[in-house]
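Read top to bottom, the protein sequences are chains H and D. Be aware that the first sequence starts at 1, since it is given in the working numbering, and climbs by one per residue. Be aware that the second sequence starts at 331, since it is given in the working numbering, and climbs by one per residue.
Number of protein chains: 2
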Amino acid sequence: MVDEFDLIKRLFAPLTAGRPEALGLIDDVALIPGPAGHQWAVTKDAMAAGVHFFPDDPPDLIARKLIRVNLSDLAAKGAEPQFLLLATCFPRDIDAGWLDRFASGLKTDCDLFKVAVIGGDTIATPGPLVLSLTAVGMVPEGAALLRSNACSGDHVWLSGTVGDSALGLLVAQGEGKGLSETDASYLLNRYRLPRPRVALGPRLRGLAHASMDVSDGLLGDIGHICRASKVGAVIEADRLPLSTAARAALSAGLGEGLTTIVSGGDDYEILFTAAPEAEDALLALSAELDLELTRIGRIVPGEGATLVDAEGRAMASGRGGYNHFSGGPA
Amino acid sequence: MVDEFDLIKRLFAPLTAGRPEALGLIDDVALIPGPAGHQWAVTKDAMAAGVHFFPDDPPDLIARKLIRVNLSDLAAKGAEPQFLLLATCFPRDIDAGWLDRFASGLKTDCDLFKVAVIGGDTIATPGPLVLSLTAVGMVPEGAALLRSNACSGDHVWLSGTVGDSALGLLVAQGEGKGLSETDASYLLNRYRLPRPRVALGPRLRGLAHASMDVSDGLLGDIGHICRASKVGAVIEADRLPLSTAARAALSAGLGEGLTTIVSGGDDYEILFTAAPEAEDALLALSAELDLELTRIGRIVPGEGATLVDAEGRAMASGRGGYNHFSGGPA
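As structure tokens, this is what we get:
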């Protein structure tokens with residue numbers, strides 16, 4: 001079994017040759033010099049049928065999720081997306097209608113997010129569909145929001161709501177029969193079509209200290225910030241922003257309660273830390289962008305992330321291990 | 331069946347939004363603004379087991395070929411390679427020893443070519459191994475060697491020798507029993523481990539007009555230059571530079587003679603055009619770099635590439651269709 005984190009640390013990190021552009025391979029992007037006072041943030045993700053999406057998912061949504069997952073990485077770094085390079089590894093028997101709908105999804109989101117495909121590669125393989133996107137965004141020199149700048153005393157913030165996508169995956173897998181059609185469809189849509197916070201990300205420059213997007217699960221990802229920043233974090237369970245649909249799904253017994261919410265992943269919201277003095281500015285920004293920003297915890301000395309209940313008692317900590325832990329937060 | 335050229339033209343070209351960085355998706359790289367008077371040349375290739383290499387090929391050679399194929403694109407554009415972003419889609423049951431040898435191959439060539447891995451993604455899939463590399467190289471602004479600048483009257487040049495890799499593939503497939511071990515091993519090595527002409531490429535800036543690396547086959551690739559430059563080309567069969575091993579293989583009946591040589595592909599040599607006055611400088615460069623540079627033809631008004639014999643009679647033209655065409659050039 002391939003352990004991504006082990007592989008990166010053991011096999012790939014030695015290949016950075018100490019170049020600062022790599023950010024030690026512990027962040028979501030590389031930063032290379034750009035024109036006049038700017039840097040390019042470069043991120044690259046791969047997605048495969050049967051792993052990141054279902055082979056029979058609508059092709060336009062597969063295309064759009066591919067773009068959005070990468071734009072989410074750029075947004076969380078404070079970068080404005082500009083260019084995409086796309087490698088498509090199509091199954092040999094793929095049909096023309098599928099390709100047209102896939103391209104149509106690409107077009108929709110390229111237009112929506114004002115990004116252009118500037119290169120890539122197309123191959124046909126005997127295996128399932130595999131896609132790899134390289135996304136390039138611009139950020140003023142030195143202004144990129146990294147994982148490594150969280151300070152003890154910072155507040156921890158999250159955009160939007162958490163857990164919808166993990167619950168949406170369960171709906172896609174045929175669970176969630178007890179849900180209303182509206183709720184089921186909302187959650188499914190959040191799984192299939194994440195909304196990268198491209199308007200928020202660049203506005204967080206100068207406000208946020210550390211920042212990343214939530215893809216592996218909230219508690220795992222705040223753990224990444226803790227490790228990169230050499231700090232600890234306390235996340236307050238009863239502050240976690242849940243959508244109406246997620247609350248309904250938890251009440252209906254979908255998933256494993258809070259475990260699913262904090263470790264399900266695929267949220268593609270921005271998780272960031274900021275000094276307490278930034279609170280007013282952040283709330284004003286939230287109102288301006290009409291995007292919920294919620295203070296969910298704080299950065300503390302030490303290491304690791306701890307989830308606490310309303311009385312401050314530790315409910316879970318570290319990475320993984322939430323299996324015994326299924327009480328809903330509401 | 332996926333037709334790469336059709337897909338790019340029909341589905342992906344509309345996604346460039348007219349951005350000049352894309353070079354209309356008809357070149358091997360995109361060019362984005364870099365620091366102070368420079369541009370970044372960015373290329374992205376995908377390779378899959380069972381398509382671009384054999385699943386049981388040595389993992390270090392798979393890794394090194396992946397790097398070299400991309401560096402060849404950069405070299406042919408006159409760019410100096412700096413950074414790599416690597417997406418690895420490993421089969422779920424891949425073993426640790428394989429991964430170590432793969433990483434060791436990456437390390438060898440990162441050191442050799444002085445490039446650093448600065449990002450990427452690692453996933454596990456139910457399918458065969460798929461790899462995608464994004465390579466980034468630097469070129470002075472406006473100095474990149476494109477496919478589109480060939481001029482009528484130019485000479486057509488080729489680095490190294492042509493056809494070794496196509497013959498090496500046949501050896502890998504178990505043909506070539508009649509060859510000496512030395513010749514078979516030479517050809518196999520040329521197939522498995524191309525030598526990107528990274529020293530030559532940047533030195534061609536200011537000398538070459540149009541340039542690209544030979545990956546699809548010599549005659550197909552000069553056709554790409556013709557289309558991009560709106561010119562024709564005449565390639566002289568008896569000028570094609572063949573290795574001793576390739577000559578021996580053709581004599582032994584391996585492959586389909588000249589057809590295999592000019593359409594086999596995977597050569598990863600630089601094919602370029604230059605004004606006749608550049609000949610002395612190119613021959614001096616050839617001597618300096620100890621790398622064969624051979625004048626193989628000329629650019630003419632019109633369109634399409636024509637292969638001619640020693641008497642100037644057309645032997646083949648256009649893209650593909652060399653099936654009836656098996657006389658050796660020697």
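All C-beta atoms in this analysis are idealised placements derived from N, C-alpha and C, irrespective of residue type, glycine included.
Problem - Contact residues within the region 449-470 of chain D, judged by C-beta distance below 8 Å to chain H - result: 449, 450, 451, 452, 453, 454, 455, 456, 457, 458, 460, 462, 464, 466
Problem - Three-state class that DSSP yields for residue 295 of chain H in the structure shown - result: strand
Exercise for the section: Could you pull out every residue in the same chain whose Cβ sits closer than 7 Å to the Cβ of residue 234 of chain H, ignoring the five residues on either side in sequence? Expected result: 297, 298, 300, 306, 308
Handout entry: Minimum C-alpha distance to residue 215 of chain H - residue among H:262, H:144, H:284, H:178
Key = H:262
Problem - Per-residue burial, residue 432 of chain D [other beta carbons within 10 Å of its own, 16 or more giving buried] - result: buried
Practice task
Using three-state DSSP, classify residue 19 of chain H as helix, strand or coil.
Solution key: coil
Handout entry: Distance CB(residue 94 of chain H)-CB(residue 228 of chain H) smaller than 7 Å
Key = no
Handout entry: Inter-residue Cα distance where the pair is residue 105 of chain H and residue 40 of chain H
Key = 25 Å
Problem - Three-state secondary structure assigned by DSSP to residue 161 of chain H - result: coil
Practice task
Compare the C-alpha of residue 165 of chain H against each of H:311, H:254, H:303 and name the closest.
Solution key: H:254
Exercise for the section: Classify residue 332 of chain H as buried or exposed, calling it buried when 16 or more other Cβ atoms lie within 10 Å of its own Cβ. Expected result: Summary: the structure shown does not reach residue 332 of chain H, with chain H confined to residues 1 through 330, and so no result is reported for it.
Handout entry: Cβ neighbours of residue 319 of chain H in the same chain (closer than 7 Å, five flanking residues each side left out)
Key = Low confidence applies to residue 319 of chain H: its pLDDT is 47, below 50, so where it sits in the model is not reliable enough to give any reading.
Practice task
Note down, in chain order, all residues in the region 26-38 of chain H with a beta-carbon under 7 Å from any beta-carbon belonging to chain D.
Solution key: 29, 30, 32, 33, 34, 35
Handout entry: Buried/exposed call for residue 128 of chain H, threshold 16 Cβ in 10 Å
Key = buried
Handout entry: Candidates H:8, H:212, H:147, H:11, of which the one nearest residue 75 of chain H by Cα
Key = H:212
Problem - Any alpha helix (DSSP H) of 4 or more consecutive residues that is wholly inside the region 78-152 of chain H - result: 96-113
Exercise for the section: Can you tell me which of the three DSSP states residue 220 of chain H falls into? Expected result: helix
Practice task
Flag this pair as touching only if the region 476-485 of chain D and the region 364-382 of chain D have three or more C-beta atom pairs under 8 Å; answer yes or no.
Solution key: no
Problem - Listed by chain order, chain D residues near residue 19 of chain H by CB distance under 8 Å - result: 413, 446, 448
Exercise for the section: Reducing DSSP to helix, strand and coil, say where residue 660 of chain D ends up. Expected result: Any reading at residue 660 of chain D needs caution, since the residue's pLDDT is 29, under 50, leaving its predicted position unreliable; the model's value is listed next. Of the three classes helix, strand and coil, the one that applies to residue 660 of chain D here is coil, per DSSP.
Practice task
Please decide whether residue 74 of chain H counts as near chain D, where near means a Cβ-Cβ distance under 7 Å.
Solution key: no
Problem - Per-residue DSSP class, three states only, for residue 386 of chain D - result: coil
Handout entry: residue 562 of chain D, enclosing beta strand (DSSP E) - first and last residue
Key = 562-566
Problem - 6 Å Cβ shell around residue 347 of chain H - same chain, five flanking residues per side excluded - result: Any answer about residue 347 of chain H is impossible in this case: the structure gives chain H only from 1 up to 330.
Problem - For residue 377 of chain D: DSSP bridge partner residues - result: D:461
Handout entry: Short CB-CB distance (under 7 Å) between residue 546 of chain D and chain H
Key = no
Problem - Within-7 Å CB hit, residue 384 of chain D to chain H - result: no
Handout entry: Partners in chain H for residue 558 of chain D, counting only beta-carbon separations shorter than 8 Å
Key = Here the premise fails: no neighbours, minimum Cβ distance about 15 Å.
Problem - Through-space distance from residue 499 of chain D to residue 514 of chain D, alpha-carbon basis - result: 10 Å
Problem - CA-to-CA distance, residue 528 of chain D to residue 391 of chain D, given in whole angstroms - result: 18 Å
Practice task
For residue 645 of chain D, write down the residues that DSSP places opposite it in a beta bridge.
Solution key: Partner(s): none; residue 645 of chain D has no beta bridge.
Practice task
Using a Cβ cut-off of 7 Å (strictly closer), state whether residue 58 of chain H contacts chain D.
Solution key: no
Problem - Under the three-state DSSP convention, the category residue 276 of chain H falls into - result: helix
Handout entry: C-beta neighbour in chain H for residue 438 of chain D, strict 7 Å
Key = no
Practice task
Name the one or two DSSP bridge partners that residue 39 of chain H has.
Solution key: H:33, H:139
Problem - Touch test, the region 459-474 of chain D against the region 482-496 of chain D, Cβ-Cβ under 8 Å, three pairs minimum - result: no
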